[in-house]
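Q: One structure coming up, written as structure tokens, with questions to follow.
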Amino acid sequence: MSGIYRFVLAGAAATAALVLAIVGGSTWLVSDQQLDGPPVRLIQRRATPGFDMRNLTIPANEIHHGGPPKDGIPAITDPKTVSANRATFLAPQDRVVGVAIGTESRAYPISILTQHEIVNDVVGGIPIAVTYCPLCDSVVVFDRRTPLGVKEFGVSGLLYNSNVLMYDRSERESLWSQMLMQGVSGPAAGMRLQALPMELTTWQAWRAQHPDTDVMSIDTGYGRNYRQNPYVGYFRQPGLMFPVQPRTNALPLKEPVLGIWTDSAALAVPASYFGGQSGVYAGTLDGKSFEVEYDATDGVLRMRSADDGLSWANSFWFAWYAFHPNTQLARR
298 MSGIYRFVLA GAAATAALVL AIVGGSTWLV SDQQLDGPPV RLIQRRATPG
348 FDMRNLTIPA NEIHHGGPPK DGIPAITDPK TVSANRATFL APQDRVVGVA
398 IGTESRAYPI SILTQHEIVN DVVGGIPIAV TYCPLCDSVV VFDRRTPLGV
448 KEFGVSGLLY NSNVLMYDRS ERESLWSQML MQGVSGPAAG MRLQALPMEL
498 TTWQAWRAQH PDTDVMSIDT GYGRNYRQNP YVGYFRQPGL MFPVQPRTNA
548 LPLKEPVLGI WTDSAALAVP ASYFGGQSGV YAGTLDGKSF EVEYDATDGV
598 LRMRSADDGL SWANSFWFAW YAFHPNTQLA RR
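Encoded structure:
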């Protein structure tokens with residue numbers, strides 16, 4: 298059973314969740330908790346491997362075990378790919394993360410990322426990390442080149458603000474926050490990662506824009522059923538499983554947003570801005586122009602165009618606000 302995990306979430310009408318993780322023959326059980334209540338508590342039958350927690354830049358008491366231990370959710374490095382014509386495992390409306398660098402484009406199915414969370418890859422000659430946190434529905438693509446060298450990232454099994462903490466596979470394993478986009482402990486503490494342009498879109502839309510794209514293969518070496526989404530119940534519930542601060546009632550917690558930022562400003566464009574209709578939001582941030590497109594059929598927010606100096610990420614509203622509490626919010 299090594300490397301296998303299951304999440305069993307309550308149905309839409311229920312208020313409690315049971316999370317069961319089976320990793321390396323050990324069982325990790327989380328007691329029933331309100332989805333919008335206190336942090337889940339783990340009964341650990343195997344100690345979680347340690348990380349270099351020196352120079353910690355986030356509160357230690359706000360780091361929580363997510364269930365599976367270190368590498369219990371296995372990141373993928375150097376994934377196999379197939380041509381668009383051979384990607385028959387994808388339906389037109391399946392969500393993918395699209396990355397285009399130079400003359401090379403690649404699609405990473407959310408159905409695979411849901412069960413692995415991090416893919417270490419090289420596209421257009423650039424070492425990248427495609428990262429996805431199902432609890433936040435957050436997608437960020439990073440350049441893996443850092444002042445400490447090219448990093449290979451894994452899933453730590455720890456969370457901060459309900460968001461995945463990655464770690465770098467090195468002699469001294471620093472923790473990195475996906476949504477903070479920087480190292481939070483060890484030698485990498487305070488070191489920022491460069492976010493790269495990407496799209497969270499549908500397979501149909503990505504393929505239409507990039508007909509020569511290739512696709513990350515479901516032949517990952519893990520024998521998973523990638524048509525099964527273990528987070529269906531969580532997505533249907535309005536509440537959260539882990540504590541998050543700060544919070545706001547400006548939007549529903551799990552409202553999809555496209556978050557845009559510069560070094561000194563941040564803005565969120567929510568799906569609800571479009572009133573259920575497909576459309577384009579044209580705006581400026583720090584004097585830089587951008588256009589966000591919304592497809593009402595698929596519920597997809599994507600960056601249509603953006604000036605240099607702008608970065609962006611997709612996520613639920615609660616996650617964007619927790620890490621960008623001074624954010625602006627697009628309103629009509």
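The numbering used here applies: residue 298 is where the sequence shown begins, and numbers increase by one. Cβ coordinates follow ideal geometry from the N, Cα and C atoms, glycine included.
1. If I follow the unbroken alpha helix (DSSP H) through A619, where does it start and stop?
2. For D592, which residues does DSSP report across the bridge?
3. T378 lies in the beta strand (DSSP E); which residues open and close that run?
4. What are the start and end residues of the alpha helix (DSSP H) that includes S408?
5. Since L410 contacts V420 with CB under 8 Å, what's their CB separation in whole angstroms?
6. Is the beta carbon of N352 closer than 7 Å to that of A563?
7. In three-state DSSP terms, what is F450?
8. Apply the 10 Å Cβ neighbour rule to P543 and answer buried if 16 or more other Cβ atoms are within range, or exposed otherwise.
9. For the beta strand (DSSP E) containing Y429, list its first residue and its last residue.
10. Tell me which same chain residues have a C-beta within less than 7 Å of the C-beta of T374, skipping the five on either side of it?
11. Which of helix, strand or coil does DSSP assign to A404?
12. With contact counted as at least three CB pairs below 8 Å, one residue from each stretch, are the region 480–498 and the region 380–388 in contact?
13. Sorted by chain position, which residues of the same chain lie with C-beta nearer than 8 Å to Q625's C-beta, five sequence neighbours on each side aside?
14. On a Cα-Cα basis, can you pick out the residue from I398, N522, N460 and P376 that is closest to L477?
15. What did DSSP end up calling G556 once you bin it into helix, strand or coil?
16. Determine the DSSP secondary structure at N522, reduced to helix, strand or coil.
17. Identify the residues that DSSP records as bridge partners of A563: which are they?
18. Go through its chain and collect everything with a Cβ distance to E359's Cβ below 8 Å, but skip five positions before and after it.
19. Taking only three categories from DSSP, how would you classify Q625?
20. Relative to the alpha-carbon of V529, which residue among D592, G446, V577 and L432 has its alpha-carbon at the smallest distance?
21. Cutting at 6 Å between CB atoms, please list the residues of its own chain near M350, excluding the five before and the five after it.
22. Kindly identify the DSSP beta-bridge partner or partners of R392.
23. Which same chain residues, not among the five before or five after P444, have their C-beta less than 7 Å away from its C-beta?
24. With distance defined between alpha-carbon atoms, name the residue in P494, S453 and S402 nearest to H362.
25. A388: buried (16+ other C-beta within 10 angstroms of its C-beta) or exposed?
26. By a C-beta neighbour count over all protein chains shown, 10 Å radius and 16 as the cutoff for buried, is T545 buried or exposed?
27. Classify N623: buried if its beta carbon has 16 or more other beta carbons within 10 angstroms, exposed otherwise.
28. Look at the Cβ atom of S435, then the Cβ atom of S608, and state whether they are nearer than 7 Å.
29. Got a sec, what are the start and stop residues for the beta strand (DSSP E) Y531 sits in?
30. Find out if the Cβ-Cβ distance for the pair I398, I423 is shorter than 7 Å.
31. Closest to R601 by C-alpha separation, out of Y578, W614 and T594, would be which residue?
32. Report yes if the C-beta distance between G573 and W617 is below 7 Å; otherwise report no.
A: With the structure as the only source:
1. Here the alpha helix (DSSP H) through A619 covers W614 to F620.
2. V597
3. T378 to S380
4. I407 to H413
5. The pair is not a contact, with the Cβ atoms about 15 Å apart (cut-off 8 Å).
6. It is not a contact, given that the beta carbons lie outside the stated cut-off.
7. strand
8. exposed
9. I423 to C430
10. N417 and E449
11. strand
12. no
13. A562, A563, L564, A565 and L582
14. N460
15. strand
16. coil
17. W558
18. Y457, N458, P540 and Q542
19. In this structure, Q625 counts as strand in the three-state DSSP scheme.
20. L432
21. Excluding positions up to five away in sequence, the list reads S482.
22. T499
23. M488
24. When each option's Cα is compared against that of H362, the closest is S453.
25. It counts as exposed.
26. exposed
27. Exposed, because fewer than 16 other Cβ atoms sit within 10 Å of the Cβ of N623.
28. no
29. Taken as a continuous stretch (DSSP letters only), Y531 belongs to no beta strand (DSSP E), being part of the alpha helix (DSSP H) at V529 to R533.
30. yes
31. Y578
32. no
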